[in-house]
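A.B. asks: From first to last, the protein sequence lines stand for chains A and B.
Numbering-wise, the numbering used here puts 651 at position 199 of the first sequence, and it's gapless, one number per residue.
Numbering-wise, the numbering used here puts 581 at position 129 of the second sequence, and it's gapless, one number per residue.
We treat Cβ as the ideally placed atom computed from N, Cα and C, and that holds for glycine.
All of these numbers come straight from a predicted model, not from anything done at the bench.
Handing you a structure now.
Number of protein chains: 2
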Amino acid sequence: MRSARSMTSLRPAVGDKREAILRAAIRVFAHNGYFNSKVADIAREAGVADGTVYLYFKSKEEILHSIFDRTVEVAISEGRKQLEQISDPRRKLRRIAQLHLERLGADRELAVVFQVELRGSTKFMEEFSAAGFAEYLGLIRSTIEEGQSAGVFRRDLNAKVAAKIFFGALDEMATNWILSKRRYKLVPMADQVLDILLNGVSEK
Amino acid sequence: MRSARSMTSLRPAVGDKREAILRAAIRVFAHNGYFNSKVADIAREAGVADGTVYLYFKSKEEILHSIFDRTVEVAISEGRKQLEQISDPRRKLRRIAQLHLERLGADRELAVVFQVELRGSTKFMEEFSAAGFAEYLGLIRSTIEEGQSAGVFRRDLNAKVAAKIFFGALDEMATNWILSKRRYKLVPMADQVLDILLNGVSEK
DNA sequence: CGTGGCTGAGTGATGGTTCATTCAGTCGAG
DNA sequence: CTCGACTGAATGAACCATCACTCAGCCACG
């Protein structure tokens, strides 16, 4: 069976197996939780032998890391690119919220891994925190600071705290969506979050 | 073989052992994560034999449940009591935020268990969600609805969504506080969260 | 004594990881 | 074109470290 990509290397579609294992792991982790998932489950789901998993990943934990790393990397670079096209800080925040919820809303299993499984240990949280998360929060924060300089956002508040609140709100939307039995659209929540964050809940 | 810690006191003092095990479990879970914690670790930390743990708890999982149940029960009933004393919905929200952050801020280890360990599996999250969490969110929501009826909060927004945003913001404050190397006070964040939630970030 | 709280070594199951083996596919020689 | 040597990706049974949980006794008190 000649798979595509044959000319460059005669190997049978190299990246495919690694990719299959990652997808399988997302599915299995989402279903059983990281600690209750057996490597054998992942292998079976990927249609691969147990040992094959170890040709592509050093350990079970490295699989979880890879899922996280790959996703965050794509998300951040994509996010930055999109933000360049926008000048109004309010619009920028809206775009961040939309991208955030689109991405998670488009892949429920990945969302479960992100919202639930990645939170399951301080150890992982700390790595998580140190790596992509700080960068992501920084992106939000600097957008807010930009808005403060431009005079559209209040200057009397701490941009970092505001960024955390914004992130926390989005994060909770996502977590709630995952745990909810009801199947509603996640993306439209972005506008509601933005409305409240920008204007507050108080009647004027 | 006389185990170390022999006898500080010769009194078994009834409920003490159960309590000691729970405290020990909080400490051990906070330190190693639920799945990486051995029952033997908890027993040692509690100054008790492995088997003794099973005189008080059916399983390792039941220990985690007990920690959650006891804490939430106390928090909610205490919360309700305090809210009765306040009429202004804005003040009520502020009180909720303060209580929330006070409780977690006062016991870092308990906070780690709540913010990190309890999130570690969909299974647990669902139980968690079904039980106390829905009630807690309902408390916030009805306070917001109260404010809408009273005309102090905007009526054009969804109280449930606003409640989630509020909770999400508090939750993120707590999680960030735990993961942060810096040791700052958690409670004062309540006011900042409230300010943004009530008034928004937009310059008027 | 005897009763009941407590002990902690033992056990059985589990599951991450390894590695000897297979075999599909490649390639140079004839 | 064919054949045999060779390669290394893939396999999956077996290994073995790790724990949650059990239970046969111990001891202190009344």
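Between which two residues does the alpha helix (DSSP H) holding residue 654/B run?
C.D. replies: That residue, residue 654/B, is in no alpha helix (DSSP H); it is neither H nor E in DSSP.
A.B. asks: At 7 angstroms on the CB atoms, spell out the chain B contacts of residue 584/A, in chain order.
C.D. replies: Here the premise fails: no neighbours, minimum Cβ distance about 14 angstroms.
A.B. asks: Nearest CA to the CA of residue 468/A: which residue from 498/A, 482/A, 485/A and 494/A?
C.D. replies: 498/A
A.B. asks: Quick check: is the beta carbon of residue 403/A nearer than 8 angstroms to any beta carbon in chain B?
C.D. replies: Since the first residue of chain A shown is 453 and the last is 656, residue 403/A is not available in this structure.
A.B. asks: For residue 509/B, name the three-state secondary structure that DSSP assigns.
C.D. replies: coil
A.B. asks: Using a Cβ-Cβ distance under 8 angstroms, would residue 644/B count as near chain A?
C.D. replies: Yes, residue 644/B lies at the interface with chain A (some Cβ there is under 8 angstroms from its Cβ).
A.B. asks: Counting contacts by CB-CB distance shorter than 8 angstroms, is residue 557/B in contact with chain A?
C.D. replies: no
A.B. asks: Kindly indicate which three-state DSSP category residue 605/B falls into: helix, strand or coil?
C.D. replies: Secondary structure at residue 605/B: strand, using DSSP grouped into helix, strand and coil.
A.B. asks: In the stretch 473-487 of chain B, which residues sit with their C-beta less than 7 angstroms from some C-beta in chain A, listed in chain order?
C.D. replies: Per Cβ criterion, the list reads 485 and 487.
A.B. asks: Grouping DSSP H, G and I as helix and E and B as strand, with all else coil, what is residue 540/A?
C.D. replies: In the structure shown, residue 540/A sits in coil (DSSP, three-state: anything other than H, G, I, E or B).
A.B. asks: Quick test of the definition: if touching needs 3 or more C-beta pairs under 8 angstroms, does the stretch 532-548 of chain B touch the stretch 503-522 of chain B?
C.D. replies: A contact is defined here as three or more CB-CB pairs under 8 angstroms, and the stretch 532-548 of chain B fails this definition with respect to the stretch 503-522 of chain B.
A.B. asks: Of the residues that make up the stretch 616-639 of chain A, which ones have a beta carbon closer than 7 angstroms to any beta carbon in chain B?
C.D. replies: 616, 617, 619, 620, 621, 623, 624, 625, 628 and 631
A.B. asks: Using a Cβ cut-off of 9 angstroms, pull out every chain B residue sitting near residue 614/A, in sequence order please.
C.D. replies: 644, 648 and 653
A.B. asks: In its own chain, which residues sit with a C-beta less than 6 angstroms from the C-beta of residue 630/B, not counting the 5 before and 5 after it?
C.D. replies: 563, 564 and 567
A.B. asks: Report back the beta-carbon spacing between residue 624/A and residue 619/B to the nearest angstrom; my notes put them in contact at under 8 angstroms.
C.D. replies: The Cβ separation is near 6 angstroms, so the contact holds.
A.B. asks: Determine the chain A residues that contact residue 489/B at a beta-carbon separation under 8 angstroms, and present them in chain order.
C.D. replies: Ordered by position in chain A, no residue passes the 8 angstroms Cβ test against residue 489/B, which lies about 10 angstroms from the chain.
A.B. asks: Under the rule that 16 or more other beta-carbon atoms within 10 Å means buried, what is residue 460/B, buried or exposed?
C.D. replies: Residue placement at residue 460/B is poorly supported in this model, since its pLDDT is 34, which falls under 50; the coordinates still yield a value, given next. So residue 460/B ends up on the exposed side.
A.B. asks: So with CB distances below 8 angstroms, who are the chain B contacts of residue 511/A?
C.D. replies: Near residue 511/A there are no residues of chain B at all, since even the closest Cβ is about 14 angstroms away, more than 8 angstroms.
A.B. asks: Since residue 573/A meets chain B, which of its residues come closer than 9 angstroms, beta carbon to beta carbon?
C.D. replies: 484, 485, 486, 487, 488, 568, 569 and 572, listed in chain order.
A.B. asks: Rounded to the nearest angstrom, how far is the Cβ of residue 578/B from that of residue 482/B, given a contact under 8 angstroms?
C.D. replies: About 22 angstroms; that fails the 8 angstroms criterion.
A.B. asks: Using 10 angstroms around the beta-carbon of residue 569/A, count the other beta-carbons present and answer buried if the total reaches 16, otherwise exposed.
C.D. replies: buried
A.B. asks: List, in chain order, every chain A residue whose beta-carbon is nearer than 8 angstroms to that of residue 609/B.
C.D. replies: 644, 647, 648 and 653
A.B. asks: Does the pairing of the stretch 582-590 of chain B with the stretch 501-510 of chain B give three or more beta-carbon distances under 8 angstroms?
C.D. replies: Verdict: no, contact absent.
A.B. asks: Can the beta-carbon of residue 542/A be found closer than 8 angstroms to that of residue 599/A?
C.D. replies: It is a contact, given that the beta carbons lie within the stated cut-off.
A.B. asks: What whole-angstrom Cβ distance do residue 504/A and residue 495/A have, given they're in contact under 8 angstroms?
C.D. replies: 7 angstroms
A.B. asks: Is DSSP giving residue 637/A helix, strand or coil here?
C.D. replies: Residue 637/A carries a coil assignment under DSSP once its states are collapsed to helix, strand and coil.
A.B. asks: From this set, 588/A, 470/A, 575/A and 500/A, which residue's C-alpha is nearest residue 528/A's C-alpha?
C.D. replies: 588/A
A.B. asks: Mapping DSSP to helix, strand and coil, what is residue 580/B?
C.D. replies: helix
A.B. asks: Mark residue 500/B as exposed unless 16 or more other C-beta atoms lie within 10 angstroms of its C-beta, in which case mark it buried.
C.D. replies: So residue 500/B ends up on the buried side.
A.B. asks: Helix, strand or coil, according to DSSP, for residue 471/A in the structure here?
C.D. replies: Taken through DSSP and simplified to helix, strand or coil, residue 471/A comes out as helix.
A.B. asks: How would you list, in chain order, the residues of chain B whose beta-carbon sits under 7 angstroms from the beta-carbon of residue 603/A?
C.D. replies: 655
A.B. asks: Could you round the C-beta distance between residue 648/B and residue 646/A to whole angstroms and report it? I think they count as a contact, below 8 angstroms.
C.D. replies: Actually they are not in contact, since the Cβ atoms of residue 648/B and residue 646/A sit about 13 angstroms apart, beyond 8 angstroms.
A.B. asks: Identify the continuous alpha helix (DSSP H) that holds residue 620/A and give its terminal residues.
C.D. replies: In this chain, the alpha helix (DSSP H) harbouring residue 620/A covers 611-631.
A.B. asks: Look at the alpha carbon of residue 545/B and the alpha carbon of residue 636/B, and state the distance between them as a whole number of angstroms.
C.D. replies: 22 angstroms
A.B. asks: Please name the residue in 573/A, 640/A and 607/A whose C-alpha comes closest to that of residue 485/A.
C.D. replies: 573/A
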